[in-house]
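Some notes on the structure that comes next.
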């Protein structure tokens with residue numbers, strides 16, 4: 002199938018509220034910025050828990066950030082959960098006579114919770 006006859010329709014992203022202690026890691030974001038923000042939450046603001054979330058190519062960066070944070074803040078407990086989400090893309094035809102298309106992608110998701118307090122011991126992660 003030739004995709005050069007289609008253009009992707011940008012859908013408005015559903016804005017979900019992000020709590021102050023939640024970091025959404027992006028593949029192009031700077032690790033130093035994420036680490037310094039998480040450290041400021043844990044050390045300066047007295048937050049007990051930081052949640053790192055990422056999808057796709059940002060997952061390996063998120064794991065590295067979690068490991069670096071565990072080195073800097075000694076008594077951190079960790080729960081890691083992994084999963085996937087389905088993202089559906091809509092494509093509009095650029096030529097007449099073609100029908101709109103939808104493609105679905107499975108994207109991996111990771112959530113790492115780091116806490117100063119002991120976390121739920123029965124959790125799988």
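Numbering (our numbering), first residue to last: 2 to 126.
Quick reminder that beta carbons are idealized off the backbone N, C-alpha and C, glycines included.
Under the three-state DSSP convention, the category residue i falls into
i          : result
residue 49 : coil
residue 84 : strand
residue 29 : coil
Cα-Cα separation between residue i and residue j, rounded to whole angstroms
i           : j          : result
residue 87  : residue 57 : 12 Å
residue 96  : residue 80 : 50 Å
residue 26  : residue 74 : 19 Å
residue 106 : residue 90 : 8 Å
residue 21  : residue 45 : 14 Å
Extent of the continuous beta strand (DSSP E) to which residue i belongs
i           : result
residue 19  : Element bounds for residue 19: n/a, residue is neither H nor E.
residue 106 : 102–116
residue 145 : Missing from the structure shown is residue 145; the chain here goes from 2 to 126 and no further.
Whole-Å CB distance - residue i paired with residue j, under 8 Å assumed
i          : j           : result
residue 63 : residue 19  : With 8 Å as the limit, residue 63 and residue 19 do not qualify as a contact, their Cβ atoms being about 15 Å apart.
residue 54 : residue 16  : No, residue 54 and residue 16 are not in contact; Cβ-Cβ is about 15 Å, not under 8 Å.
residue 60 : residue 111 : 5 Å
residue 1  : residue 92  : Residue 1 lies beyond the stretch modelled for the chain, which goes from 2 to 126, so this question has no answer here.
residue 33 : residue 94  : About 44 Å; that fails the 8 Å criterion.
Residue i - containing alpha helix (DSSP H), residue span
i          : result
residue 64 : 60–73
residue 40 : 32–40
CB contact below 8 Å: residue i versus chain B
i          : result
residue 98 : Structure shown: chain B not included; a single protein chain is present.
Beta-carbon proximity of residue i to residue j, cut-off 8 Å
i           : j          : result
residue 115 : residue 50 : yes
residue 108 : residue 82 : no
residue 70  : residue 39 : yes
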